[in-house]
Amino acid sequence: MTDDGITRLLAMLDDLDADVDATIDLADEIAATGGPELLPRLETELGRAVEQRNGYARELLGGVVAGIGGTGSLPVLVRASAVDLGDDQDGLAAEIVDLVQADPKKAEGLLRPLTEDDDLAVAHRADWALRFLP
């Protein structure tokens, strides 16, 4: 997968008439086939989705970041998840829990420092994620 796939996904996320199933399929394809070189752009776009208060984009882009970045992406995902957009975050929460349980030692090492973050929402979300350590 290349930046072209991300560009297509972003266009679909911005298009209110885009087919939801096709959008999800493309996000899943990028997550399954994308390489780590895509992470900087994806993380930037995830941040943009949060800034624009777009819970749908946050959910899908969070899944793509998790799929490509694995447990190492937990700090980015926790920070994105810490912002209350008024949505349920079921998908993003599930991604975080799966990553914590996939590599507990690495997850703990990444999450513990976040529990002391100056942003209390981030600290609380990191503490929440640590509850899923096996």
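In this note's numbering, the protein residues as written are 481 to 614.
A virtual CB, placed ideally from N, CA and C, is assigned to each residue, including glycine.
{"Asked": "Assigned secondary structure, L496 (DSSP; H/G/I helix, E/B strand, else coil)", "Found": "coil"}
{"Asked": "Endpoints, alpha helix (DSSP H) assigned at L519", "Found": "L519 to E531"}
{"Asked": "Boundaries of the alpha helix (DSSP H) in which L594 is found, first to last residue", "Found": "Neither: L594 is in no alpha helix (DSSP H) and is coded neither H nor E."}
{"Asked": "G514 to T551 span [Cα, whole Å]", "Found": "16 Å"}
{"Asked": "Segment contact, 8 Å Cβ cut-off, at least three pairs: the region 529-548 with the region 583-599", "Found": "no"}
{"Asked": "Closest by C-alpha distance to P614, when choosing among I548, A582 and A511", "Found": "A582"}
{"Asked": "Cβ-based neighbour list, A512, same chain, cut-off 6 Å, excluding 5 preceding and 5 following", "Found": "none"}
{"Asked": "Coarse secondary structure for L579, derived from DSSP in three states", "Found": "helix"}
{"Asked": "Residue environment, R538, which counts as buried when at least 16 other CB atoms sit within 10 Å", "Found": "buried"}
{"Asked": "Helix, strand or coil at A574 [DSSP, three-state]", "Found": "helix"}
{"Asked": "Straight-line gap, V563 to V556 (C-alpha atoms, nearest Å)", "Found": "12 Å"}
{"Asked": "Cα-Cα separation, T503 to D484", "Found": "14 Å"}
{"Asked": "Cα-Cα separation between V577 and A560, rounded to whole angstroms", "Found": "14 Å"}
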